[in-house]
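Numbering (my numbering), first residue to last: -1 to 158.
This is how it looks when you write it as structure tokens:
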């Protein structure tokens, strides 16, 4: 008997397809925002519209500067997948929604460990009214994060 894919993995697969458009030479992320089983918006990592992407330049400035992952975002050309998905939707549509997020390490073509929105994206997610984040851990396993519990009630997670 064929088993139908569960909804979380269905939406994570779509977010994963979005990350294939990413232009980062280090890590690519894909995000979609879903409400009432309807996709509201999608996003992937890339330079601001009209600017040259790192993949086209062939160089990562953070890598050239020897910056570790999760450091020096102010030196990065890219807009995060979560940010791109949020700016492409209205807050009214995002209230109570779920953000699906998948990240891959470009050079190794494997899922990134410990995927979670960065500090700035967390703040945007809260202000957008997104209720839940579902992050892919591997091809079929995922973690569901409650925004209120994880970030709002524990607001130290927004600043460290």
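Even glycine gets a Cβ: it sits at the ideal position worked out from N, Cα and C.
Please work out which residues of its chain come closer than 6 angstroms, Cβ to Cβ, to residue i, disregarding the five sequence neighbours upstream and downstream, and give them in chain order.
{"i": "residue 82", "result": "41"}
{"i": "residue 120", "result": "149, 156"}
{"i": "residue 37", "result": "30"}
Given residue i, which residues of its chain have a CB within under 8 angstroms of its CB, disregarding the five upstream and five downstream residues?
{"i": "residue 45", "result": "21, 51, 52, 75, 76, 77"}
Going by alpha carbons, who is nearest to residue i out of the options?
{"i": "residue 98", "options": "4, 9, 1", "result": "9"}
{"i": "residue 127", "options": "25, 90, 102", "result": "90"}
{"i": "residue 96", "options": "49, 64, 113, 123", "result": "123"}
{"i": "residue 132", "options": "118, 114, 48, 147", "result": "114"}
{"i": "residue 116", "options": "43, 87, 86, 48", "result": "43"}
{"i": "residue 26", "options": "5, 4, 100, 35", "result": "100"}
{"i": "residue 86", "options": "47, 104, 4, 5", "result": "47"}
Helix, strand or coil for residue i per DSSP?
{"i": "residue 140", "result": "strand"}
{"i": "residue 110", "result": "coil"}
{"i": "residue 145", "result": "helix"}
{"i": "residue 43", "result": "coil"}
{"i": "residue 37", "result": "strand"}
{"i": "residue 63", "result": "coil"}
{"i": "residue 87", "result": "coil"}
What do you get for residue i, buried or exposed, if any count of 16 or more other CB atoms within 10 angstroms of its CB means buried?
{"i": "residue 68", "result": "exposed"}
{"i": "residue 160", "result": "With the chain running from -1 to 158 in the structure shown, residue 160 is simply not present."}
{"i": "residue 2", "result": "exposed"}
{"i": "residue 55", "result": "exposed"}
{"i": "residue 63", "result": "exposed"}
{"i": "residue 80", "result": "buried"}
{"i": "residue 134", "result": "buried"}
{"i": "residue 39", "result": "buried"}
{"i": "residue 16", "result": "buried"}
{"i": "residue 102", "result": "buried"}
{"i": "residue 28", "result": "buried"}
{"i": "residue 142", "result": "exposed"}
{"i": "residue 84", "result": "buried"}
{"i": "residue 161", "result": "Residue 161 falls outside the range modelled here, since the chain spans only -1 to 158, and no answer is possible."}
{"i": "residue 66", "result": "exposed"}
{"i": "residue 152", "result": "exposed"}
In chain order, what residues of the same chain lie with their CB nearer than 7 angstroms to the CB of residue i, ignoring the 5 residues before and after it?
{"i": "residue 138", "result": "7"}
{"i": "residue 94", "result": "33, 127, 129"}
{"i": "residue 136", "result": "109"}
{"i": "residue 162", "result": "The question about residue 162 has no answer here: the residues shown for the chain are numbered -1 through 158."}
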